[in-house]
Amino acid sequence: ANWLTLVEHTVTRVLFSNESKTSPLAASGVRFSASPPLNTTISPEDAVLFTAFAAREVILSAGAIRTPALLQLSGIGDATYLDGLGIDAILDLPGVGKNLQEQTNSVQAAFGDGFTFGGAGPNNVRGIPHCSALVMLTLE
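For our numbering, add 486 to where a residue sits in the sequence shown, where the first one is 1.
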């Protein structure tokens, strides 16, 4: 098989075969971990990280929010911003993660038996954290 899909796992970093701050970079694999169950957290010290190397190519398709965050966690982005987060920049691209636009035609929905006034809402919703919230998962 040429394709393997791991559900309930999250990529934490794209790996490059030539991280010597030269361009063009060549992605060689990814580092990932099992996603914690809903409504739980896992400390960075307890996270088990796995590494997968690509035979031919790495395809990054994580959406409009997660793709730039993953690039930043991997060292691609505004070097000044990444340095402030303790991430070594391997490619200074200040535009990564900038100029995100609100998609006015997006639909957001919640399913269930409704909401009570003053209630907490559904307990199965996941928020998408900013890069600075994800950085703790990649520091070793």
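Glycine included, every Cβ here is placed at the ideal spot set by N, Cα and C.
My assumption, with CB atoms under 8 Å, is that residue i sits in contact with residue j. Please give the rounded CB distance.
| i | j | result |
| --- | --- | --- |
| T496 | S519 | 6 Å |
Any beta carbon from chain B within less than 8 Å of residue i's own beta carbon?
| i | result |
| --- | --- |
| V497 | As a matter of chain content, chain B is missing from the structure shown, which is built from one protein chain. |
Using only CA atoms, which one of the options lies nearest to residue i?
| i | options | result |
| --- | --- | --- |
| T553 | L490, E531 and K584 | K584 |
| V534 | R517, A541, D569 and R542 | R517 |
| L559 | S547, I573, D569 and L546 | I573 |
| L500 | N488, L546 and E531 | Sequence inspection shows Val at residue 500; the Leu mentioned does not correspond to that position. Ranking N488, L546 and E531 by Cα distance to V500 puts L546 first. |
| L490 | V582, V544 and L557 | V544 |
How long is the line joining the alpha carbons of residue i and residue j, rounded to whole angstroms?
| i | j | result |
| --- | --- | --- |
| A550 | N504 | 26 Å |
| L511 | Y567 | 20 Å |
| F502 | L571 | 20 Å |
| E494 | P523 | 8 Å |
| F539 | L586 | 30 Å |
| S514 | A555 | 18 Å |
| R542 | D569 | 31 Å |
| T526 | N488 | 33 Å |
| A548 | L492 | 14 Å |
| T537 | T498 | 10 Å |
| S521 | L557 | 19 Å |
| V582 | D532 | 30 Å |
What I want to know is whether the C-beta of residue i ends up closer than 7 Å to one or more non-hydrogen atoms of the ligand GTP.
| i | result |
| --- | --- |
| G563 | As presented, the structure is devoid of all ligands, the ligand GTP included, so that no description of it is given. |
* Asked: What runs of the alpha helix (DSSP H), each 4 residues or longer, lie entirely inside the segment 489 to 567?
  -> 549 to 559
* To do: Determine contact between the segment 578 to 588 and the segment 562 to 569, defined as no fewer than three beta-carbon pairs at a distance below 8 Å.
  => yes
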